[in-house]
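Here's the structure we're looking at; comments come further down.
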Amino acid sequence: MNKREIRIMIVDDELIVRDSLTKWFREDGYRVEAAESSAAALKKLQTGSCSLMLVDIKMPGMDGIELLERVKEIDKNVIVIIITAFASVDTAVKALKQGAYDYITKPIDPDYLDHVVEKALMQHELTLENVRLREVVSELSGATEIIGDSPEIKKVLELVQTVAPNDTTVMIRGESGTGKELVARAIHNGSPRRYFPIVTVNCGAMTETLLESELFGHERGAFTGAQYRRKGKVELADGGTLFLDEVGNIDTKTQMDLLRVIESKQFTRVGGTEVLKSDFRVICATNRDLEEAVKEGSFREDLYYRLNVFTIEMPPLRGRRGDVAKLAHHFLEKYARQMSKDVRSFSPDAMHTLKAYDWPGNVRELENAVERAMVVAQGQTIERQHLPLHTLSAQREEGKRLSDIERHHIEEVLRETAWNISRSAAILDIDRVTLYHKIEKYGLKREQ
Amino acid sequence: MRSILLLPLGNVDPEIVAGLHAPLAYTFHAEVVEGDCDIDLEQFFDAQRVQYNSTEIIQHISTNHVPAFPVIDERSASLKILAVSAEDLFIPILTYVFGEAELGGRVSLVSYHRLQPQRYGLSADSQLLVSRLKKEAFHELGHSYGLVHCSRLQCVMHTSTYVEDIDLKGESFCGDCSMHLRLPR
């Protein structure tokens, strides 16, 4: 703690008190300022914050308690110690409730003054260090790895930013492998709950009883093999986020239990009687058509409405082809590091193949394809033949379809006319409405 | 050469003041002379607290007596005045002080009232009393020469709010404080 960098402010209407304390702390090596009123103190704070304020409770105009409130509004990390002439429990409690670090009575025992100020400053330093570390952690964990700059993915990121700071339940929908869990993590990392865990439950991978125990935990002896008490994911997510992946696959009994827990934030471990509480935010993901499941009766309508508060649609990779190159390079760099291989680029032919493929397995499939290519690549470039065979054959088949040729041709004309619909329709010899239909059919989007 | 003027106040024990001459001269490489002034300490007495206001005493010496000391004209302008008292001192916001000084100023004040072992139920120990007073005198003069409290436990500029703290620290300045005072080590 470098005392020369610590600014202490004395706020008291009595000159003698200001002078005495200023002198006392200057001898200690602190930078000291004095203000004769709350208004003067607030004015001084405009020129720079201070670490600690010693504030007299009784001053004409704005009193010490009001100043304390105002200071905390400006900078909640400033430590305020209230000085009172007569200690009364009421005043002390009021000051402490408003956020004062401590209160001291006049005249002050010099040893106590030194002790309380040193302790307070140590806490101030730890608080600031904590803030700094949180920022670092936040920066590090904030790397969401949602790669891409297509309009589709930009829209997703905008929605993430909008919903993250609120405690709203979010449903992420999209095909398998589109990166729904990454979006869930990005929402968690952008929320005030980011310092608590995000706990993932893969609802699709478990049987009814296993999922129940996984979610709510179990008591010892609750079932065969339950030798120890175990906390469930709902309990572990306390303070943080519960991410329910493949939520559409939950059986009807667990759906009912889950709905109750989401609404009451209370639950009981399997085989237990104690009602436990957990404060968590729910984010869920599904690739199922939940509306259809509700109609069929396999998904509870009430749970559907409870979960479907804010929806984010993850576009399939074929719907954002513009991101394929960026993603492929990202995975190339990732696996080059992991495998310690000096592979730096894709050949034009290989990149063309990657862009042409439809990627039914989405980003996950692309990542696997790049990983495989990295294993077999010998030089610094990934060639077309390094890519998995199905991507190569699909490209050939894709090129042969009549619809592919039509889409390609329309795309070309639109590009040539800078997306002038009337001119493009004239060149293609079709009417504008038909052109609009075809643009929609092929999911064509103007490049930014 | 530095000059330090020792100023006994009230009914202070002359022997105790005399005991400060040599240590001050040696430590600060200064010429130490004893002055004389007739200050009525009763004007600084607070009947409610039964203590003497040290801030007012220092201000009084600064305003009324400093210009009257001929030694200031004859010696260098860097002369420091150390007043010594036997009374219990306070500054208004604190319950007591062992001494006070103007940081980087001319006048400082120490009292041996709270340094006496008999105050704490122990038998009188003149050697211990002189040792404590020396440390406090060095400390307050250190402030007069512009030093702030030192974090080194052994340095005489380390802060001490109890007599036990005074006993724990050394009688000399640490390297950094000595350098600030430009004292040969």
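Residue numbers (the numbering used here), protein chains in the order written: chain A, 28 to 475; chain B, -4 to 180. No residue lacks a Cβ here, since even glycine has one placed at the ideal position from N, Cα and C.
{"Query": "Pull out every residue of the region 120 to 134 of chain A whose Cβ sits closer than 7 Å to any Cβ of chain B, in chain order.", "Result": "Lys133 and Pro134"}
{"Query": "Please return the same chain residues whose Cβ sits closer than 6 Å to the Cβ of Gly14(B), not counting the five positions on each side in sequence.", "Result": "Val125"}
{"Query": "Identify which residue in Ser240(A), Asp284(A) and Val197(A) has its Cα closest to the Cα of Leu269(A).", "Result": "Val197(A)"}
{"Query": "Going by CA-CA distance only, name the one from Asn193(A), Val351(A), Pro87(A) and Thr189(A) that's closest to Thr205(A).", "Result": "Val351(A)"}
{"Query": "Cα-Cα, which of Ile37(A), Asp90(A), Gln365(A) and Leu317(A) is closest to Arg333(A)?", "Result": "Leu317(A)"}
{"Query": "Would Glu235(A) and Thr281(A) qualify as a contact pair, given that the criterion is a beta-carbon distance under 8 Å?", "Result": "yes"}
{"Query": "Whose Cβ in chain A lies nearer than 8 Å to the Cβ of Val92(B)?", "Result": "Pro137"}
{"Query": "In the DSSP assignment, the beta strand (DSSP E) including Glu29(B) goes from what residue to what residue?", "Result": "Ala25 to Glu29"}
{"Query": "Pro18(B) touches chain A at which residues, Cβ-Cβ below 8 Å?", "Result": "Within 8 Å Cβ-Cβ: nothing; Pro18(B) doesn't reach chain A, min ~22 Å."}
{"Query": "Assuming the contact rule is C-beta atoms closer than 8 Å, Ala127(A) and Ile109(A) should be a hit. Round their C-beta distance to whole Å, please.", "Result": "5 Å"}
{"Query": "Going by C-alpha to C-alpha distance, which of Pro9(B), Asp8(B), Phe23(B) and Gly5(B) sits closest to Met(-4)(B)?", "Result": "Phe23(B)"}
{"Query": "What does Val16(A) reach in chain B if we use C-beta pairs closer than 7 Å?", "Result": "Only positions 28 to 475 of chain A appear in the structure, and residue 16(A) is not among them; the question remains open."}
{"Query": "Under 8 Å between C-beta atoms, does Val105(B) make it to chain A?", "Result": "no"}
{"Query": "List the residues of chain A whose Cβ lies closer than 9 Å to the Cβ of Thr182(B), in chain order.", "Result": "Residue 182(B) lies beyond the stretch modelled for chain B, which goes from -4 to 180, so this question has no answer here."}
{"Query": "On a Cα-Cα basis, can you pick out the residue from Ile135(A), Ile37(A) and Glu41(A) that is closest to Val105(A)?", "Result": "Ile37(A)"}
{"Query": "Whether or not the region 77 to 97 of chain B and the region 39 to 52 of chain A are in contact is what I'm after, with contact meaning three or more pairs of Cβ atoms, one per stretch, closer than 8 Å; do they touch?", "Result": "yes"}
{"Query": "So for Pro3(B), helix, strand or coil by DSSP?", "Result": "strand"}
{"Query": "Pick helix, strand or coil for Gly141(B), following the three-state DSSP scheme.", "Result": "coil"}
{"Query": "Which of the three DSSP states is assigned to His151(A) in this structure?", "Result": "helix"}
{"Query": "When DSSP labels each residue in this structure, what does Ser184(B) get in the three-state scheme?", "Result": "Because chain B here runs from -4 to 180, residue 184(B) falls outside it and cannot be looked at."}
{"Query": "My guess is that Glu82(B) and Leu36(B) are in contact by the Cβ rule of under 8 Å, so how many angstroms apart are they, rounded?", "Result": "6 Å"}
{"Query": "How many angstroms separate the CA atom of Tyr57(A) from the CA atom of Thr132(A)?", "Result": "22 Å"}
{"Query": "Closest to Leu186(A) by C-alpha separation, out of Met341(A), Leu123(A) and Val228(A), would be which residue?", "Result": "Met341(A)"}
{"Query": "At a Cβ threshold of 8 Å, is Tyr157(B) touching chain A?", "Result": "yes"}
{"Query": "Helix, strand or coil: which one does DSSP assign to Glu290(A)?", "Result": "helix"}
{"Query": "Residues in its own chain within less than 7 Å of Val59(A) by CB, not counting five upstream and five downstream?", "Result": "Ile35, Ile37, Thr49, Phe52 and Arg53"}
{"Query": "Checking contacts by CB at 8 Å: is Gly56(A) closer than that to chain B?", "Result": "yes"}
{"Query": "Taking DSSP as the reference, what is the three-state secondary structure of Thr279(A)?", "Result": "helix"}
{"Query": "If we define contact as Cβ-Cβ less than 8 Å, is Val151(B) a contact residue for chain A?", "Result": "no"}
{"Query": "Could you tell me whether any Cβ in chain B is nearer than 8 Å to the Cβ of Arg53(A)?", "Result": "yes"}
{"Query": "Identify, in the order they occur along the chain, each residue of the same chain with its Cβ nearer than 6 Å to the Cβ of Ala363(A), setting aside the five sequence neighbours on each side.", "Result": "Val370"}
{"Query": "Return the chain-ordered list of same chain residues with a C-beta closer than 7 Å to the C-beta of Arg348(A), the five sequence neighbours on each side being excluded.", "Result": "Lys382"}
{"Query": "Opposite His245(A) in the DSSP bridges: which residues?", "Result": "Arg257(A) and Val297(A)"}
{"Query": "With DSSP as the reference, please indicate the residues paired to Thr268(A) in a beta bridge.", "Result": "Ile225(A) and Arg308(A)"}
{"Query": "Measure the Cβ-Cβ separation of Asn193(A) and Cys230(A) and say whether it is below 8 Å.", "Result": "no"}
{"Query": "Out of Lys181(A), Ile199(A) and Met89(A), which has the shortest C-alpha to C-alpha gap to Phe337(A)?", "Result": "Ile199(A)"}
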